[in-house]
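Structure record follows, encoded as structure tokens.
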Amino acid sequence: MANPVFRQMLDAGDFFVVPGMQDMIATAVANKVGFPIVYGSGYWLTASSLGLPDAGIASYTQMLDRMATLVQTSNAAVIADGDTGYGGLLNVAHTVRGYEKAGVTAIQIEDQEFPKKCGHTPFKRCVPLEDMVEKIKVAAATREDKKNFLIIARTDARAGFGVDDAMRRLEAYARAGADVLFFEAPQSEDEMRLACEAFDLPMMANMADGGKTPILPAATLKQIGYAFAIYPSMTSLVAAAAMETALRQLKDHGLSQSPDLPMFDFTEFCKLIGFQEVWDFEKKWAR
1 MANPVFRQML DAGDFFVVPG MQDMIATAVA NKVGFPIVYG SGYWLTASSL GLPDAGIASY
61 TQMLDRMATL VQTSNAAVIA DGDTGYGGLL NVAHTVRGYE KAGVTAIQIE DQEFPKKCGH
121 TPFKRCVPLE DMVEKIKVAA ATREDKKNFL IIARTDARAG FGVDDAMRRL EAYARAGADV
181 LFFEAPQSED EMRLACEAFD LPMMANMADG GKTPILPAAT LKQIGYAFAI YPSMTSLVAA
241 AAMETALRQL KDHGLSQSPD LPMFDFTEFC KLIGFQEVWD FEKKWAR
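So that you can map any letter, position 37 of the sequence shown is 37 in the UniProt record's numbering, and since no number is skipped, the others follow by simple counting.
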């Protein structure tokens with residue numbers, strides 16, 4: 001059975017925030033801070049593990065491995081980016097089975113043509129509405145845990161076809177069996193409100209730092225009508241900035257430490273990543 005936390009939090013009706021995870025270091029730190037749900041970002045897991053853009057290059061097998069590892073590492077329920085379902089209807093069914101078996105609590109599927117692209121970059125193309133409707137129907141029918149394994153339907157139609165087409169698609173996806181709706185890359189608060197007011201299903205906000213959508217406080221997102229928000233790029237962009245600062249410090253001064261350079265305590269990190277269990281095992285079993 002899928003982790004029920006996501007369903008329970010949606011049913012409770014209280015707005016919540018979901019950080020994006022790009023690797024297992026971010027996941028270990030998120031465990032320390034404490035979040036009930038985290039987001040497996042296709043963009044950032046691809047960037048961190050393969051050094052490649054989110055442009056349909058990573059395969060289903062590669063992403064399934066990343067998501068399974070994220071589930072194993074995280075103390076939280078995991079929402080997983082499933083891109084387009086990695087192909088046609090048979091691929092969608094296979095992807096849903098694989099993600100559910102891996103232990104994720106929800107899969108996000110989008111209506112882009114394959115190969116897809118990051119929702120906040122140019123040259124996106126969408127499949128016909130009817131094709132995506134069939135994907136949602138297949139995904140909903142394929143899952144074993146109909147209650148707790150949720151289907152998030154995303155439309156990228158805003159960029160190429162406008163707000164009206166995006167709204168028409170979301171309505172069709174809701175009728176097809178989606179549990180959560182995802183209007184990707186609205187470009188104003190008015191557009192965000194329009195989408196939230198139009199549907200009874202929970203709406204997911206994407207607070208992608210550097211993207212096309214306004215970054216708003218959680219209280220404002222709640223007032224607009226969103227059920228929750230993901231923050232897919234925050235940890236990655238903060239980590240990249242910190243690494244650049246540290247590397248410039250090393251290059252310019254030949255030293256890894258500086259009063260102006262925050263650094264996580266190594267001993268604490270060893271315990272955070274699981275070395276305490278290793279040390280306890282060695283004490284018990286080492287000869």
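Just so you know, even glycine gets a beta-carbon here, dropped at the ideal spot from N, CA and C.
Span of the alpha helix (DSSP H), counted from its first residue to its last, around residue i
i    : result
L90  : 89-102
Q223 : 218-224
I25  : 24-33
A47  : 42-50
CB contact below 8 Å: residue i versus chain D
i   : result
G51 : Note that chain D does not occur in the displayed structure, where there is just one protein chain.
Burial state of residue i (16 or more Cβ within 10 Å)
i    : result
E277 : exposed
V33  : exposed
E184 : buried
D11  : exposed
T61  : exposed
D252 : exposed
W279 : exposed
G98  : buried
S41  : buried
Through-space distance from residue j to residue i, alpha-carbon basis
i    : j    : result
A153 : A178 : 6 Å
V104 : T95  : 12 Å
K124 : L221 : 26 Å
V180 : W285 : 49 Å
V163 : G225 : 18 Å
K212 : A140 : 30 Å
M167 : E134 : 17 Å
A198 : A227 : 14 Å
A239 : T142 : 37 Å
T27  : G274 : 12 Å
Q257 : A246 : 8 Å
E110 : C126 : 9 Å
A55  : F281 : 43 Å
A172 : F114 : 21 Å
W44  : I79  : 14 Å
L255 : F6   : 45 Å
Q112 : Y231 : 21 Å
M192 : A30  : 28 Å
F182 : K283 : 50 Å
R248 : M203 : 41 Å
Where residue i falls: helix, strand or coil (DSSP)
i    : result
V127 : coil
Q62  : helix
D11  : helix
D179 : coil
E171 : helix
M234 : helix
A80  : strand
F199 : coil
M132 : helix
F228 : strand
Extent of the continuous beta strand (DSSP E) run through residue i
i           : result
residue 296 : Beyond the ends of the chain as shown, which are 1 and 287, falls residue 296; an answer cannot be given.
T155        : 150-155
Q276        : Counting along the chain, Q276 falls outside any beta strand (DSSP E), though it belongs to the alpha helix (DSSP H) covering 275-285.
N206        : 204-206
A106        : 106-110
G20         : 16-21
(Q) Tell me whether the region 117-126 and the region 69-78 touch, counting them as touching only if at least three CB pairs, one residue from each stretch, are closer than 8 Å. (A) no
Q.
Count Cβ pairs between the region 232-244 and the region 19-36 that sit closer than 8 Å; are there 3 or more?
A. yes
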